[in-house]
Amino acid sequence: MSDQDRTSRPGDDDARRFFTDSSSAQAANRHRRRRGPGDPTTTGSIPIVRVDNALPDPTIEYRTPEPPAGASPYFEVRYRSTAEPTMQFSEPKWEERYRAAHRAPEPTPEPPRTPEPPRTPEPPRVSEPPRVSEPPRTAVPRRGVEPDVPAEATTGPIEVVPAAEPRHAASGEPWHESGPEFTPDFDVLEPVPEEIGSAPREIQVVPAPEEPLYVGGDDAAPPPDILDDDPDGVGGAMPERSRNKRLLLGIGLVVLVVILVVGGLGLKFLGVFDSRTDYSSTTGSGSVLVEVPADAAIRDVGQTLADAGVVGSKRAFVDAAENGPGVPAGFYDLPKGLSAKAAVDMMSGTDKRVGRIVVPEGLQLDSTKSTGGESRPGVFEMISKATTFTTDDAKYGVSVADLDKAAADASPADLGVPAWAAKQVQALTGDHRRIEGLIASGAWENVDPRLDATQILRELITRSVSRYTAWGLLGDNSTGRSPYDTLILASIVEAEARKDEDFPKVARVLLNRLDKGQRLEMDSTANYTADVRANDVHGDVYDGDNPWNTYKHEGLPPTPIGAVGDRALRATESPAPGKWLYFVTVDENGTTLFANTFAKHNQNREVACRNGFLKVGCA
């Protein structure tokens with residue numbers, strides 16, 4: 001039985017026992033004391049000594065450990081008579097409990113160990129004092145273990161000495177046994193031999209560092225919830241379950257806010273919250289310039305019109321335009337205060353469109369007249385008409401004179417002339433016809449009326465170059481001619497051919513004549529500078545000495561003679577195979593006859609004379 005398993009006896013008042021070295025308390029180092037010559041037995045088990053208040057069993061032998069002869073360095077019993085005066089106990093305040101519960105453990109620095117002074121060896125003991133018998137006690141096995149019975153009987157009967165009634169020490173006095181000698185109720189452990197060369201060790205008790213008490217203030221944390229089932233985390237951190245709950249709550253709130261914001265934006269985008277105010281007038285009053293960008297959504301157009309005061313609200317215009325033909329991109333001169341339906345109708349037509357021109361194939365920059373007295377507006381006149389108008393707050397537009405001056409005097413770079421035509425354009429500085437043919441045929445939907453003449457020409461030429469490139473001018477040309485010469489040839493084909501199947505043939509005639517060094521002698525080149533155009537060139541037009549008259553000059557004219565379209569340009573890039581050198585149109589339907597020789601060409605001209613299409617040179 002070890003001292004730690006010993007049950008306190010009556011009169012024991014908080015007895016404390018200490019080992020000087022914890023390593024000495026191992027099981028292998030615990031030994032029973034040596035038996036003397038007078039002991040009844042020298043071998044066998046020692047019965048368990050009962051320390052409770054039960055009556056002893058007289059049939060069982062009990063033995064009481066004897067005190068050591070001298071002070072033991074390994075084991076010492078100390079008694080405390082009264083409570084320490086410095087120790088006071090009181091109910092801690094909630095701030096102290098909260099701080100103690102949430103304070104992270106701090107590592108305690110280990111103090112340096114001081115070597116123990118060498119211990120003086122004990123003199124050998126000669127004999128042990130006689131033991132005093134202890135009153136027998138009733139042995140009650142602990143934990144189901146029966147007390148051991150000595151294996152060998154002693155040589156004589158064991159004398160049972162009745163024990164005196166134990167006296168309980170008064171409170172605060174050390175307990176002692178009445179009798180001639182004090183006998184402690186514990187086993188005396190044999191000294192553990194010291195290791196050779198090892199210094200004695202000393203146990204030091206280091207007090208815990210003192211910390212200031214937590215004083216709650218205005219921002220003090222509330223007292224801990226004693227009903228909270230979640231334990232605190234390590235170091236007083238928030239419990240794991242509580243953190244998860246708060247995290248899920250935060251995520252849920254964020255998701256809810258996102259849903260509300262996205263839903264609100266979606267409803268706003270759909271126009272649920274938009275005003276549906278609409279005017280009733282179909283004519284309106286005043287005037288305002290409105291731009292509809294390319295690929296603009298109908299909602300954006302409605303917002304633009306509402307901001308300009310044309311319609312009452314964006315939503316009203318969207319509702320009116322849902323089943324309509326759509327609104328083309330471009331510029332509009334619209335009155336204010338229109339009903340949404342009236343605005344949709346006006347923008348669907350061309351009457352209110354501004355900045356929009358359609359350049360027919362073969363159209364020149366300058367306006368011309370025909371023999372029948374009909375006037376044909378040129379590109380400059382169309383631009384001026386499309387951009388000139390007046391609104392409530394501004395006046396827009398450029399004149400033909402402004403366009404002539406910009407075309408003649410502005411630098412090729414300012415006009416947006418491509419590199420493959422810059423040399424020829426620069427050579428004709430001062431003549432507005434130097435940019436002839438650089439504006440392609442087709443519809444130009446959004447010529448900005450707010451720009452000046454140079455800016456308008458630059459925009460049209462730049463966009464025309466992109467259109468020519470898409471038509472194969474720079475990549476699909478099989479003639480071996482430069483892009484600018486190919487454009488000049490295509491402009492002549494555009495003016496001479498009437499039917500689709502004739503375009504590649506006319507292009508072949510032009511190339512065959514150029515290859516032979518023969519003059520082109522095309523009526524369209526002579527008519528380019530004429531005030532009045534005629535199908536049968538004669539007189540001053542025929543005899544005119546200008547660079548564009550191919551009757552008088554060999555090779556190509558200095559510039560194209562009109563706007564070029566896709567059909568003529570592709571026919572020039574890929575002309576039809578043949579040896580034709582002549583062609584003539586013989587009727588109003590555009591029937592054209594081709595010939596390899598001049599004699600055959602004269603026969604074809606007679607057909608035109610008989611049809612009344614030609615009059616000059618007919619018999």
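Taken in order, the sequence shown gives residues 1 to 619; the numbers are from full-length UniProt numbering. Every residue gets a Cβ at the ideal spot worked out from N, C-alpha and C, and that includes glycine.
Extent of the continuous beta strand (DSSP E) to which residue i belongs
i: residue 357; result: 357–359
i: residue 333; result: 330–336
Identified DSSP bridge partners for residue i
i: residue 369; result: 375, 532
i: residue 444; result: 357
i: residue 585; result: 592
i: residue 389; result: 396
i: residue 290; result: 332
Cβ-based neighbour list, residue i, same chain, cut-off 7 Å, excluding 5 preceding and 5 following
i: residue 286; result: 335, 336, 392
i: residue 402; result: 453
i: residue 611; result: 586, 587
i: residue 439; result: 359, 379, 460, 461, 464, 563
i: residue 277; result: 312, 313, 316
i: residue 573; result: 472, 476, 477, 478, 479, 486
i: residue 521; result: 550, 551
i: residue 506; result: 493, 496, 497, 583
Residue environment, residue i, which counts as buried when at least 16 other CB atoms sit within 10 Å
i: residue 411; result: exposed
i: residue 312; result: buried
i: residue 615; result: exposed
i: residue 494; result: buried
i: residue 432; result: buried
i: residue 430; result: exposed
i: residue 426; result: exposed
i: residue 491; result: buried
i: residue 241; result: exposed
i: residue 294; result: exposed
i: residue 173; result: Any answer about residue 173 is weak, because its pLDDT of 48 lies below 50 and its placement is not dependable; what the coordinates show is given next. With fewer than 16 other Cβ atoms within 10 Å, it is exposed.
i: residue 158; result: At residue 158 the pLDDT is 48, less than 50, meaning the model places this residue with poor confidence; the figure from the coordinates comes in the next sentence. With fewer than 16 Cβ atoms within 10 Å of its Cβ, residue 158 is classed as exposed.
i: residue 417; result: buried
i: residue 325; result: exposed
i: residue 565; result: buried
i: residue 525; result: buried
i: residue 259; result: exposed
Bounding residues of the alpha helix (DSSP H) (the contiguous stretch that carries residue i)
i: residue 459; result: 453–470
i: residue 297; result: That residue, residue 297, is in no alpha helix (DSSP H); it is neither H nor E in DSSP.
i: residue 609; result: 598–610
i: residue 484; result: 483–496
i: residue 503; result: 503–516
i: residue 322; result: Per DSSP, residue 322 belongs to no alpha helix (DSSP H) and is neither H nor E.
i: residue 418; result: First-last for residue 418: undefined, no H or E at that position.
i: residue 431; result: Note, residue 431: premise wrong, no alpha helix (DSSP H); not H, not E.
i: residue 570; result: 566–573
i: residue 525; result: 523–527
For residue i, three-class secondary structure by DSSP
i: residue 285; result: strand
i: residue 396; result: strand
i: residue 258; result: helix
i: residue 277; result: coil
i: residue 580; result: coil
i: residue 475; result: coil
i: residue 381; result: helix
i: residue 542; result: helix
i: residue 350; result: coil
i: residue 197; result: Caution is warranted here: a pLDDT of 48 is assigned to residue 197, below 50, making its placement in the model unreliable, and no coordinate value can be reported.
i: residue 412; result: helix
i: residue 251; result: helix
i: residue 619; result: coil
i: residue 613; result: coil
i: residue 401; result: helix
i: residue 550; result: coil
i: residue 242; result: helix
i: residue 519; result: coil
i: residue 311; result: coil
Same chain, Cβ closer than 8 Å to residue i, five either side skipped, listed in chain order
i: residue 388; result: 396, 397, 398, 399, 449
i: residue 26; result: Because residue 26 carries a pLDDT of 49, less than 50, the predicted location of this residue cannot be relied on, and the following value inherits that uncertainty. Counting only Cβ-Cβ distances below 8 Å, and skipping sequence neighbours, we find nothing.
i: residue 343; result: 305, 310, 311, 317, 320, 334
i: residue 356; result: 330, 331, 350, 386, 443, 444, 445, 446, 447
Same chain, Cβ closer than 6 Å to residue i, neighbours up to 5 away in sequence not counted
i: residue 504; result: 571, 575, 576
i: residue 358; result: 443
i: residue 473; result: 483
i: residue 558; result: 547
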